[in-house]
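Sequence positions in the sequence shown follow the working numbering and run 8 to 210.
The beta carbon of each residue, even a glycine, is placed where N, CA and C say it ideally should be.
All values reported here derive from a predicted model rather than from experimental measurement.
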Amino acid sequence: MAKKYPVQVKVNGKMKSAEVEPRLLLVHLLRDEFDLTGTHIGCDTSQCGACTVMLDGMAVKSCTILAIQADGAEITTVEGLGSREELHPIQQGFWEKHGLQCGFCTPGVMMAVNGLLQENINPSEAEIREALDGVICRCTGYQFIVKAVQHAAELIREQQSQPVSLENVTTGGTYHDPSNRQADKKKGRSEAYHGPWAIYRRY
Numbered sequence: 008m009a010k011k012y013p014v015q016v017k018v019n020g021k022m023k024s025a026e027v028e029p030r031l032l033l034v035h036l037l038r039d040e041f042d043l044t045g046t047h048i049g050c051d052t053s054q055c056g057a058c059t060v061m062l063d064g065m066a067v068k069s070c071t072i073l074a075i076q077a078d079g080a081e082i083t084t085v086e087g088l089g090s091r092e093e094l095h096p097i098q099q100g101f102w103e104k105h106g107l108q109c110g111f112c113t114p115g116v117m118m119a120v121n122g123l124l125q126e127n128i129n130p131s132e133a134e135i136r137e138a139l140d141g142v143i144c145r146c147t148g149y150q151f152i153v154k155a156v157q158h159a160a161e162l163i164r165e166q167q168s169q170p171v172s173l174e175n176v177t178t179g180g181t182y183h184d185p186s187n188r189q190a191d192k193k194k195g196r197s198e199a200y201h202g203p204w205a206i207y208r209r210y
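Set out below in structure tokens:
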């Protein structure tokens with residue numbers, strides 16, 4: 008039996024720990040150890056994007072990262088976006104603009120969109136489609152998803168125009184300027200999987 012190592016992460020605002028084998032993927036840590044099954048496994052080839060989560064403020068595919076690589080990180084899964092009582096703007100956008108069909112890819116889509124909207128709260132349609140390039144939806148032509156993202160961005164802009172800061176409104180993160188990389192620098196995470204859409208779009 009392989010030796011296990013301690014891993015501690017902050018998931019959806021709560022500290023969690025586990026003993027993991029070196030080969031365990033982050034997606035399996037979230038699903039099997041922490042019972043956060045909203046993070047889906049859809050392909051086993053790093054193509055579909057259904058396993059997308061936020062890792063230290065960046066959208067990444069959790070099937071491409073080892074659990075031990077995430078030690079000390081802050082993670083947000085789709086369960087951490089909002090609640091039934093208070094939907095996150097992305098959830099509200101998808102609800103109101105019918106941005107899903109079967110729903111299997113939706114958690115990954117939402118987390119990818121969350122990554123985009125943390126960088127840019129007024130994206131063009133081309134930028135939205137580029138951000139969604141790493142997520143496969145087998146049901147739609149993406150048109151309603153794009154409309155849902157546009158609506159979510161509008162809701163976020165409306166919130167931001169109010170005299171209330173968006174800082175830590177949800178565990179999904181803060182909507183900020185793209186140059187704000189303090190968290191990345193503090194963690195020293197590799198651009199190989201933590202750069203702007205690197206793993207998301209190309210692998």
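> Taking the alpha-carbon positions, what's the Lys10 to Ala77 distance?
Replying inline: Locating residue 10 in the sequence shown gives position 3, counting from the first residue. Locating residue 77 in the sequence shown gives position 70, counting from the first residue. Looking at the two C-alpha atoms, the distance is approximately 18 Å.
> What is the rounded straight-line gap between the Cα of Asn4 and the Cα of Asp63?
Replying inline: Lying outside 8 to 210, the shown extent of the chain, residue 4 is not represented and no answer is given.
>> Just to check my reading of the structure: Thr147 and Gln108 have Cβ atoms closer than 8 Å, yes? What is that Cβ distance to the nearest angstrom?
In response: Taking the sequence shown and counting its residues from 1, the one referred to as residue 147 is at position 140. Taking the sequence shown and counting its residues from 1, the one referred to as residue 108 is at position 101. Indeed, because the Cβ distance is near 6 Å, the residues count as touching under 8 Å.
> Where Ala159 and Cys55 are concerned, what is the direct C-alpha to C-alpha distance, given to the nearest angstrom?
Replying inline: Residue numbering aside, residue 159 sits at position 152 when the sequence shown is read from its first letter. Residue numbering aside, residue 55 sits at position 48 when the sequence shown is read from its first letter. When rounded, the distance between both Cα atoms is 22 Å.
> In terms of DSSP beta bridges, what is Arg93 paired with?
Replying inline: The sequence position of residue 93 within the sequence shown is 86, counting from 1. One point to set straight first is that residue 93 is Glu, not Arg, in the sequence displayed. DSSP, once it has assigned bridges, lists no residue as partnering Glu93.
> Going by other Cβ atoms of all chains shown within 10 Å of its Cβ, with 16 needed for buried, is Arg38 buried or exposed?
Replying inline: Position 31 of the sequence shown, counted from the first residue, corresponds to residue 38. Buried: at least 16 other Cβ atoms inside 10 Å.
> Where does Ser53 sit, in a helix, a strand or coil, going by DSSP?
Replying inline: Locating residue 53 in the sequence shown gives position 46, where the first residue counts as 1. Of the three classes helix, strand and coil, the one that applies to Ser53 here is coil, per DSSP.
>> If contacts are defined as beta-carbon pairs under 8 Å, then Gly49 and Ala57 qualify, I think. What distance do you get, rounded to the angstrom?
In response: Walking along the sequence shown from the start, residue 49 turns up at place 42. Walking along the sequence shown from the start, residue 57 turns up at place 50. 4 Å between Cβ atoms; contact.
>> Using 8 Å for Cβ pairs, my map puts Met117 next to Ile97. What's the rounded Cβ distance?
In response: Locating residue 117 in the sequence shown gives position 110, where the first residue counts as 1. Locating residue 97 in the sequence shown gives position 90, where the first residue counts as 1. Rounded to whole angstroms, the Cβ separation of Met117 and Ile97 is 5 Å, and the two are in contact under 8 Å.
> Measuring CA to CA, which of Gly106, Gly79, Lys68 is closest to Ile145?
Replying inline: Along the sequence shown, one-based indexing puts residue 145 at 138. The amino acid at residue 145 is misidentified as Ile; the sequence shows Arg. Arg145 has its Cα closest to that of Gly106, out of Gly106, Gly79, Lys68.
>> Is the separation between the beta-carbon of Ile72 and that of Leu43 shorter than 8 Å?
In response: As a position in the sequence shown, residue 72 is number 65, starting the count at 1. As a position in the sequence shown, residue 43 is number 36, starting the count at 1. No; because the gap between Cβ atoms is not below 8 Å, this pair is not in contact.
> With DSSP run on the structure shown, which of helix, strand or coil describes Leu43?
Replying inline: Taking the sequence shown and counting its residues from 1, one reaches residue 43 at position 36. Looking at Leu43 - three-state DSSP - the assignment turns out to be coil, as it is neither helix nor strand.
> With a CB to CB cut of under 7 Å and the five nearest residues on each side skipped, what residues in its chain are close to Glu28?
Replying inline: Within the sequence shown, residue 28 is the residue found at index 21, counting from 1. Around Glu28: Ala9, Lys11.
> How big is the Cα-Cα spacing for Glu93 and Leu36?
Replying inline: The sequence position of residue 93 within the sequence shown is 86, counting from 1. The sequence position of residue 36 within the sequence shown is 29, counting from 1. Rounded to whole angstroms, Glu93 to Leu36 spans 27 Å at the Cα level.
> Count the other CB atoms within 10 Å of the CB of Tyr207; is the residue buried (16 or more) or exposed (fewer)?
Replying inline: Here residue 207 refers to the residue found at position 200 of the sequence shown. At Tyr207 the pLDDT is 40, less than 50, meaning the model places this residue with poor confidence and gives no usable figure here.
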